[in-house]
Amino acid sequence: MKPPLRPDNESQRLAALHRTGMLDTPAESRFDRLTRIARQALGVPIAMVSLVDSERQWFKSCSGLEATETGRDVSFCAHAILQDEIFVIQDALCNPDFSDNPLVTGPPYIRAYAGAPLRSTGGYRVGSLCVIDQQPRRFSEADLQLLRELADCVEAELNHAEIQTLNAQLKRSETRARAVLEGTRIGTWEWNIQTGETVFNERWAEIVGYTLEELAPVSIETWLRLAHPDDLLKSNRLLNEHFEGRSEAYDFRCRMQHKDGHYVWVHDRGKVLERDAKGQPLRMYGTHADITNEVSNLDSIERQNAVLSVLSELALDTGQSDDQRIQRALALGRDYFAMDMGILSEITGGVYSVRWFDATGDSGLEPNQSFPLDQTYCSLLLSGHEVLAIEHMASSRFAKEPCYRHFGLESYIAVPVRIGDRIFGTLNFSSSKPRAQPFSATDRTFMMLLSKWLGSLLERQAEQERLNKLAEHIPGMVYQYRLWPDGRSAFPYTSAGINQIYRVTPESVRSDASEVFDRIHPQDLRTVQSSIELSARTLGPWNDQYRVSTETGDWRWVEGRATAEKLADGSVVWHGYIYDIHDRKTAELALEKSERQLRGLFELSPLGIALHEYDNGRLQDVNDALLSVSGHDRGECLQMRFTDLPAVEEREMVTTALQQMAVSGRYGPLETEFIRRDGSRHPVRLQGLLISGSDGTQMVWSLIEDISQRRRMERLKNEFVSTVSHELRTPLTSISGALSLVAHGSFGALPEQAAKLVNIAHRNSQQLTLLINDLLDIEKLAAGEVTFDRSPQLLATMIDRAVELNQGFADKQRVTLVTEPADPALRVWVAPLRLVQALSNLVSNAIKFSPAGEQVTLATRVMDSNVRIEVRDHGPGVPTEFRDRIFQRFAQADASSTRQIRGTGLGLAITRELIHRMDGEVGFDSVPGQGSTFWLQLPLLSPEESSRA
């Protein structure tokens, strides 16, 4: 789970949050209306106004969830306040930052989330208006725009108290002001009350679109001429109250006519600062501030409140039919706009049909009345407008459209009504008179919200019709089950499939569900009742599997799933379905039996067995054989990862082998060492298989074979071989030398038969010497006693030496040695004698297995930063069954006493050890009957390394 970060301005943000005065205050209908609207308009089960405090998120309003706060560390809204845009999660279970959040894995089971940040008056993000779905959800652009607009309404309510406080402070500040210097953005004036002479600054004139020069000569008459006539009476009254001392200052909001002809709102404030000896006012100073935008905003807020009132009334009106609610919506909308007609139409092809309407008595409208679409105002809307608003058709760009000539409507506002991605029709309000005020952004938002609500209502109707049709074809039964506080229960709705499940009719259980419970297996009845009681208490989902009786008296398994909802009267309603799972359940029970049997084999296995997760290696199960070898108890093992078992220096090798399973699905066999609980080591042989669990989790079965006994036997064998090799070498050298002298006539000529026997003995002594030398070499390599004095060497020189050493053997076998030309500058970092020894082994083997008259070829190939030396022959090739062990000690393709090609079976094993010690690789390619290519691969020295060497 990813915890939310803290904003950089956290301290200022918290101060702004506390200034709102909203934390831990009682619920308020102005906020609850907004969350109910958001919940219904966006079609989600939960909507909240959440304020993010220092360590918690507190819900000012929460629709659809009985909670007041949660910890900030698990809060989605704490993430939402980190950005200005709406924070959206389409599927929390698929998001690694939220998949293990307790609000996702537990109540309220959040799957989809969208949160619009709420800002304070200072611009700090103090919380969010969020909507939550318990199913994965993709929020459309229209959904997000609607959520943002509702959040703006929440912000207005949230900051209302603070704005009032700020206005009060501003008033006190303005009252204390004596004068404002020229050049400020506030208009200032100075009035000689006795003479009427008045001085204005330039800003005062700019507010009404003039310059002072254009207004000259200025006096009090200038103000009187520009003020709205309807405001002068109140202005005069307020002035007299101030002159008489009955008010501290003159404070008036009025309208002044702009040079362009329209009126602007100004806040006119002033105070008498000079009086004569009798207390009569002499001179007055004051300010003019342009408050047109403020007044407009106040009007907008009033309209927003009216919109919210209408929408709240519709959202709370659940006691009527859908048709009645639509009629109510049109009536409320028509009252809001003060227009003649409100229509919800349906558009099919090129036909516009009036499906619902609310209008004055002389409208001429009739239910289901139809018109050609291209003659209606809605054709203008559908040509590319999201909202079409026309205040005065005669003066608009649509004045020449056929719809105006046909219907003559002067004012019109409309939006499309969508069901899903399809346009159902339009929602429109119209009037035969022009509109005095232009349609505002709030009016457009109201239309979109009302359209969304109507679309949801129509979509629900369509879904109900589809559900009734689909339920007829769904296996099993779809139902609604109700449980009253007094214990009564019934199925208010159920599909005809109830007869397949319980052998009852929908009508027979509509008022009493007891007949259904009589069909449940006696051993399962109590469990079913308990699960229903638990779901009723927690309002959590209900899910159970149980047996029901059939017509033949047998029992069949069924499964039921449902979601619970609590009603106002305290009863609980479940909406769900029940279906036959007899075949699947029977198979599951058989599988459980099989698994119990396999479990017995698992526990009795002499090999250690471990089951662990592939991603994190955590052990899920181990058998007794593994516990016995490791010394750990089961509880300790199940707290460990599989890679905790090998010795520290072996873990990287084991981890790499496990990672390779992603491709092959298996790993091993490989040999390593495990650490026992007491710290001692024991060698093991590992291999494993990758599987998928029932929930899709990848798991690994690992077999752990204790090879301590085998290692002891190998050690004894090696010690025996080493001892025998050393004890035989000295006498064998003497024997071989003596036989050589005799064979070469040093003691005179021998009889033919005796000479033949001596030659055989001499050859066998040489073969035995070769075997002992190879045994000593492999022993030294295994013990790490071979010295590798590495230095830069010319590769061509090494190849030539290997050829030279084997030339005599090649001539004897009538085999030609051929060296392909290579770059003479290639250098490698090797021990020269060891490389020549390794090459010589490969060349000797190639000669040994080549038929007389053939050739053995040595070639080099540069491969990136490596060089490969290949030795190719035309012999019989390597048998397929021998390939896996060709580099093992004493490995020979034909170990019988009758084989024609003699050898110790150690040459290739020695070659591999030598090359590995020089950071190289050994391998071969062979086709039976077509020869073999054995190769050595070594890292090349770069030109810079060669020059430094």
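Letter by letter, the sequence shown follows residues -13 to 935 of my numbering.
All residues carry an ideal CB built from backbone N, CA and C; glycine is no exception.
Bear in mind that the values here come from a model prediction, so they are computed numbers and not experimental data.
Spell out the partners DSSP gives residue i in its beta bridges.
i      : result
SER720 : Bridge partners of SER720: none, in fact.
GLY411 : VAL403
LYS552 : VAL558
GLN923 : ARG854 and GLU907
ARG547 : ASN529 and TYR563
GLN684 : SER678
LYS257 : TYR271
PRO737 : BP columns for PRO737 are empty, so no partner.
Looking at the secondary structure, which residues open and close the alpha helix (DSSP H) in which residue i lies?
i      : result
PHE384 : Unbroken run through PHE384: none, as it is neither H nor E.
LYS220 : 215 to 229
HIS244 : Looking at the DSSP string, HIS244 is not in any alpha helix (DSSP H), and its letter there is neither H nor E.
ALA98  : Looking at the DSSP string, ALA98 is not in any alpha helix (DSSP H); the run it does join, the beta strand (DSSP E), is 98 to 105.
VAL822 : 818 to 834
GLY594 : Per DSSP, GLY594 belongs to no alpha helix (DSSP H); it is in the beta strand (DSSP E), 594 to 599.
GLY893 : 893 to 903
ASP18  : 15 to 27
SER650 : 647 to 650
GLY621 : 620 to 623
Pick out whichever of the options has its Cα sitting closest to the Cα of residue i.
i      : options                           : result
GLY57  : LYS46, PRO88, VAL35 and CYS48     : PRO88
ALA235 : LEU224, LYS245, GLN243 and MET242 : LEU224
VAL194 : ILE721, LEU212 and ILE206         : LEU212
GLY231 : GLU260, HIS618, LEU210 and HIS248 : GLU260
PHE229 : GLN266, LEU198, VAL204 and HIS253 : GLN266
VAL822 : VAL801, VAL789, SER851 and PRO12  : VAL789
PRO93  : TYR465, THR524 and LEU132         : THR524
ASP360 : CYS389, HIS378, GLY350 and ALA385 : CYS389
ASN354 : GLY347, ARG16 and TYR338          : TYR338
VAL804 : ARG813, ALA817 and VAL829         : VAL829
LEU791 : GLU127, THR431 and ASN831         : ASN831
ILE833 : THR536, GLY794 and SER382         : GLY794
ALA548 : MET463, GLY473 and ARG512         : MET463
ASN414 : ARG421, GLY406, ARG404 and SER437 : SER437
HIS248 : GLN423, ARG134 and GLU574         : GLN423
ARG869 : VAL853, GLU899, PRO837 and THR919 : THR919
TRP560 : TRP528, GLY473, GLY173 and ASP83  : TRP528
Would you give the residue range spanned by the beta strand (DSSP E) that residue i belongs to?
i      : result
ARG505 : Counting along the chain, ARG505 falls outside any beta strand (DSSP E), and DSSP gives it neither H nor E.
TRP177 : 173 to 178
ARG847 : 841 to 849
TRP528 : 528 to 535
PHE323 : No beta strand (DSSP E) contains PHE323, which is instead part of the alpha helix (DSSP H) from 308 to 323.
VAL337 : 337 to 345
THR480 : 475 to 480
For residue i, which residues of its own chain have a beta-carbon under 8 Å away from its beta-carbon, when the five flanking residues on both sides are left out?
i      : result
THR884 : Only weak support is given to the placement of THR884: the predicted model assigns it a pLDDT of 33, under 50, and the question is left unresolved by the model.
SER557 : ARG468, LEU469, TRP470 and PRO471
ALA499 : TYR467, SER475, ALA476 and PHE477
SER442 : GLN26, ALA27 and GLY29
GLY526 : PRO93, LEU520 and ALA550
Grab me the residues of residue i's own chain with a C-beta within less than 7 Å of its C-beta, minus the 5 sequence neighbours each way, in chain order.
i       : result
ALA1    : none
TRP938  : Lying outside -13 to 935, the shown extent of the chain, residue 938 is not represented and no answer is given.
GLN(-2) : TYR110
LYS571  : GLN531 and TRP543
VAL490  : ILE484, GLU501 and VAL502
Suppose the cutoff is 6 Å on Cβ atoms and the five residues either side in sequence are ignored; what does the same chain contact list for residue i look like?
i      : result
ILE855 : THR846 and LEU922
ARG533 : HIS507, ASP510, TRP541 and TRP543
ASN745 : ALA729
ILE67  : VAL38, PRO103 and ARG111
ALA881 : With a pLDDT of 40 at ALA881, under the threshold of 50, the modelled position of this residue cannot be trusted; read the value that follows with caution. For ALA881, where only same-chain residues beyond five positions count, there are no Cβ hits under 6 Å.
**Report entry** Contact the segment 320 to 334 vs the segment 404 to 411: 3+ CB pairs below 8 Å
**Finding:** yes
Query - Meets three-Cβ-pair contact criterion under 8 Å: the segment 855 to 866 and the segment 906 to 926 - result: yes
Report task. Could you tell me whether the segment 387 to 398 touches the segment 304 to 320, where touching means 3 or more Cβ pairs closer than 8 Å? Result -> no
Report task. May I ask you to verify whether the segment 47 to 65 touches the segment 15 to 33, counting CB pairs closer than 8 Å and requiring at least 3? Result -> yes
Query raised in the report: So does the segment 551 to 559 actually touch the segment 109 to 121, counting three or more Cβ pairs closer than 8 Å?
Result: No, the segment 551 to 559 does not touch the segment 109 to 121.
Query raised in the report: Using 8 Å as the Cβ pair cut-off and three pairs as the minimum, do the segment 899 to 911 and the segment 832 to 845 touch?
Result: no
Query raised in the report: Are at least three pairs of beta-carbons, each pair with one atom in the segment 7 to 17 and one in the segment 64 to 80, less than 8 Å apart?
Result: no
Query raised in the report: Is it a yes or a no for the segment 602 to 616 touching the segment 646 to 658, going by three-plus beta-carbon pairs under 8 Å?
Result: no
Query raised in the report: Per the contact definition of three or more C-beta pairs closer than 8 Å, is the segment 482 to 502 in contact with the segment 512 to 521?
Result: Cβ pair count under 8 Å is below three, so no.
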